[in-house]
Amino acid sequence: MTPPETAPAAAAPAVAWIDSGSPCPHPWSPAVCPVCSPWTEGAAEPFDRAGAQTAQLTAAQVLQALPAEASKIVLRGGELLQRPEALELLTAARRIAPQVELWSNGAALARPGVVQAIRRAGATAVAIGLWGDSPESHDYATGVPGSFARAIAGLKAARQGGLRTAVIAVLLRPTYRGLPSLLQKSLPLGIDAALLWAPPGPDRTAHPLLAPMAAIGPYVDAGVRILAAAGKGCAVLGIAPCALATAAAAAEISPLAQPDRRAARGAPCAACTWRDHCAGQPPLRAQLHGWTGLVARKDAPVLTGRW
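As C-alpha cells, this is what we get:
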C-alpha cells in the first residue's frame, strides 16, 4: 500500500518539550526510549560532576533551547538528574513556565533529599517510564535487573514529596498486552496521569521490539477507559487514531507537540479528519508490519483528555 500524503503543519503547542541531551547509559536510540534505561550498577550519583562529561548538550545549550514563554515545560532526553546542572536547569525552566515536568527512570528519586531538592529548584511534576506491568517484563525490556523496583520506589517518593506524578507506559512487542494491568497497578500509587507511548523506532538491530500499530490499539483503548473511569489525565502518542476506537476521543493525541521527533514518523493520511492529531506510521514500523488496519478516519475529532 502506498504511504499517505503529507499533511499540513500545525501551530506550535503551549507545551514545550525540551531534550536536555543528558547522559543515557545505554545503547538504545532516543526514538525508542523516552527517558533513558535505568542506571546500571555503579552509575553516577545524582548531580555528580561526572554527568557533565557524558552529556550531549551543555547547560548553556539547554538554556538556549528553552522558550521565551510556555504554560508547561517538559525536560526529557536522558537522565537530567545525572548531570551537575540539573537544579539550575529546573530553576531556569520554572522562571518561564508555571509547570515544569521532569522525565526520569525513577532510580534517583528514591534517594534521600533528591525529591525535595528538585521541588525547591522548580519541578512541579515527574513522569517515570515503565516498560511493563511486572518486574519480569519491565526488567526484560530495560535489560537491567531490579530496575522495576527502583522505578516504583522513585514514583512513590515523588508522590510523597508533593510532586504531581505520571507514568510513561512504553508500548513494545513484549509489553503492550500488559498495559491495562500496568495502569491498574499504578493507580493505587496515586498517579495523576499516564502517557501511553508507542516508540517510532528504530530499535536495537539484533532484537526488534516494535509491535504492529493496529495490534496495540485495543489495549490502548482499554487503558484509556481505565484512566477515564479513575478521573486521571491521559495522553496517547505515537499511535494513529484509526488504530483506536473510544480512546481517540478520551485522550490528547498530539505528536505535533514533539516537532523534534516528528521527522521520525511518516505523514498522516491527507484525507483523514484526525490528521492534525495523528502520529502517522513510522517508516520502520511500516516496513516491518505494513499498513494493515490503518485507514483514514471520517469522524470529527473530539479531544476531552489532557496530559
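Per the numbering used here, numbering of the sequence shown is gapless, rising by one per residue and ending at 295. Every residue gets a Cβ at the ideal spot worked out from N, C-alpha and C, and that includes glycine.
In terms of CA proximity to L177, R152 leads the group R152, A186, R263 and L160.
Under a 10 Å Cβ-count criterion, Q70 is classified as buried, with 16 or more other Cβ atoms of the shown protein chains found around its own Cβ. Where D121 is concerned, there is no enclosing beta strand (DSSP E), because DSSP gives it neither an H nor an E. About 5 Å separates the CB atoms of T112 and Q87; that is less than 8 Å, so the two are in contact.
Comparing alpha carbon positions, the residue from A2, D121, G150 and L232 closest to I140 is D121. Within 10 angstroms of the beta-carbon of A186 lie 16 or more other beta-carbons, which makes it buried. Looking at the backbone, the Cα of A231 and that of Q148 are separated by about 37 Å. Q172 and V224 have their C-alpha atoms some 17 Å from each other. When secondary structure is reduced to three states using DSSP, L197 falls in the coil class, being assigned neither helix nor strand. With contact defined as three or more Cβ pairs closer than 8 Å, the stretch 59 to 78 and the stretch 90 to 110 are in contact. When DSSP states are grouped into helix, strand and coil, G65 belongs to the coil group. Assigned with DSSP and collapsed to three states, Q44 falls in coil, not helix or strand.
By the criterion of a C-beta distance shorter than 8 Å, A58 is surrounded in its chain by A2, V3, A4, I84 and A85, once the five residues flanking it on both sides are discounted. The three-state reading of DSSP puts A113 in strand, counting E and B together. Sorting A105, L160 and A258 by C-alpha distance to the C-alpha of G205 places L160 at the top.
Contact between L282 and A218 is ruled out by a C-beta separation of about 29 Å, above the 8 Å threshold. Around the beta carbon of K286, a 10 Å sphere encloses fewer than 16 other beta carbons of the protein chains shown; the residue is thus reported as exposed. With 16 or more other Cβ atoms from the protein chains shown falling within 10 Å of its own Cβ, R138 counts as buried. When rounded, the separation of the alpha-carbon atoms in R99 and I106 is 12 Å. Under the DSSP assignment, L183 falls in the beta strand (DSSP E) whose first and last residues are A181 to W185.
Between C222 and the set L183, P188 and W119, the nearest pair of CA atoms involves L183. For P133, same chain residues with a beta-carbon under 8 Å away, outside a window of 5 residues either side, are D127 in chain order. Remark: C-beta atoms of V158 and W119 approach each other more closely than 8 Å.
By the neighbour-count criterion, in which a residue is buried when 16 or more other Cβ atoms sit within 10 angstroms of its Cβ, E124 is exposed. In the three-state scheme derived from DSSP, where H, G and I count as helix and E and B as strand, D287 is classed as coil.
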